[in-house]
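S.K.:
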Amino acid sequence: AEYGERICKELIKILSSQHDASRLEIMEEYGILAEIGFPCVLGSFRPILDSIKGDQEAAIILGLIFRDNQEELKEALDSWKVSRRVRETATVTVPRALQLATIQSVREYLYNECWRLPSDQQPSRFEELKALITGILKRAGKFPGAIKELEGFSLPVFPFFSEHFSRVPGFRTKQKTAIEELREMWKLSDFQLTLDDLIGILREMI
Numbered sequence: 150a151e152y153g154e155r156i157c158k159e160l161i162k163i164l165s166s167q168h169d170a171s172r173l174e175i176m177e178e179y180g181i182l183a184e185i186g187f188p189c190v191l192g193s194f195r196p197i198l199d200s201i202k203g204d205q206e207a208a209i210i211l212g213l214i215f216r217d218n219q220e221e222l223k224e225a226l227d228s229w230k231v232s233r234r235v236r237e238t239a240t241v242t243v244p245r246a247l248q249l250a251t252i253q254s255v256r257e258y259l260y261n262e263c264w265r266l267p268s269d270q271q272p273s274r275f276e277e278l279k280a281l282i283t284g285i286l287k288r289a290g291k292f293p294g295a296i297k298e299l300e301g302f303s304l305p306v307f308p309f310f311s312e313h314f315s316r317v318p319g320f321r322t323k324q325k326t327a328i329e330e331l332r333e334m335w336k337l338s339d340f341q342l343t344l345d346d347l348i349g350i351l352r353e354m355i
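Note that the sequence shown covers residues 150 to 355 in our numbering.
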């Protein structure tokens, strides 16, 4: 048990802010991970993770270390009875963030995750998710360009309201559905459609 705990501590050091997660790849290449029984030491991680400040940080570390051993990770999370938030971060968000090959795909993922929520919840969720993915990429020790762009992202907010379209005949009777459809078209245009463009589309819709 003490041997496994020591291994856990050293692996977590590798994924600390002073180290680079890519060192795990070097360890794997030279057979070190196999020599120490990785990922058999997973069960010993819980007491170490309990000492890490913040559930999300622990989840990121878990997700990075065991990104290629999802079944073992899920079994451990089941036995530890972790929160839904930790489970989702370790098993879903970390792998997805590492698979997002381009900054465009990162942006689309962020937008889609937030736009599914009620409008009043979108800004806070966007900032939370952006910080989480930024943290994952930083800990992975890669993607410096993507991280810089990601930190500058903001959630586009549909800049038009029902008053902007009220002069279009028939708008009032279909106001709610029309606004939703116009918002979707605006998103699909990469936020380029102007008010005049949308009014023209609305006239054709009605």
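Just so you know, even glycine gets a beta-carbon here, dropped at the ideal spot from N, CA and C.
For clarity, every value in this text was computed on a predicted model and none was experimentally measured.
Sorted by chain position, which residues of the same chain lie with C-beta nearer than 8 Å to Glu206's C-beta, five sequence neighbours on each side aside?
M.R.: So the qualifying residues of the chain are Gly284.
S.K.: Compute the distance between the beta-carbons of Phe275 and Leu304, then report whether it is under 8 Å.
M.R.: A contact, by the Cβ cut-off of 8 Å.
S.K.: Classify Thr343 as helix, strand or coil using the three-state DSSP reduction.
M.R.: Coil, per DSSP.
S.K.: Compute the Euclidean distance between the alpha carbons of Ala150 and Glu159, then round it to the nearest angstrom.
M.R.: The predicted position of Ala150 is uncertain, since its pLDDT is 48 and thus under 50; a value taken from the coordinates is nonetheless stated next. Using only the alpha carbons, I get a separation of about 14 Å.
S.K.: Cα-Cα, which of Gln219, Gly301, Asn261 and Leu347 is closest to Glu237?
M.R.: Ranking Gln219, Gly301, Asn261 and Leu347 by Cα distance to Glu237 puts Gln219 first.
S.K.: Is the beta carbon of Ala239 closer than 8 Å to that of Leu211?
M.R.: For Leu211 and Ala239, yes; Cβs fall inside 8 Å.
S.K.: Would Leu351 and Phe310 qualify as a contact pair, given that the criterion is a beta-carbon distance under 8 Å?
M.R.: No. Outside cutoff.
S.K.: Could you tell me the alpha carbon to alpha carbon distance between Phe340 and Glu330, rounded to whole angstroms?
M.R.: Distance between the alpha carbons of Phe340 and Glu330 is about 14 Å.
S.K.: Tell me whether Val306 sits in a helix, a strand or coil according to DSSP, three-state version.
M.R.: It is coil, neither helix nor strand.
S.K.: Tell me which residues share the same chain as Leu344 and place their Cβ nearer than 7 Å to its Cβ, disregarding the 5 neighbours each side in the sequence.
M.R.: Around Leu344: Phe309 and His313.
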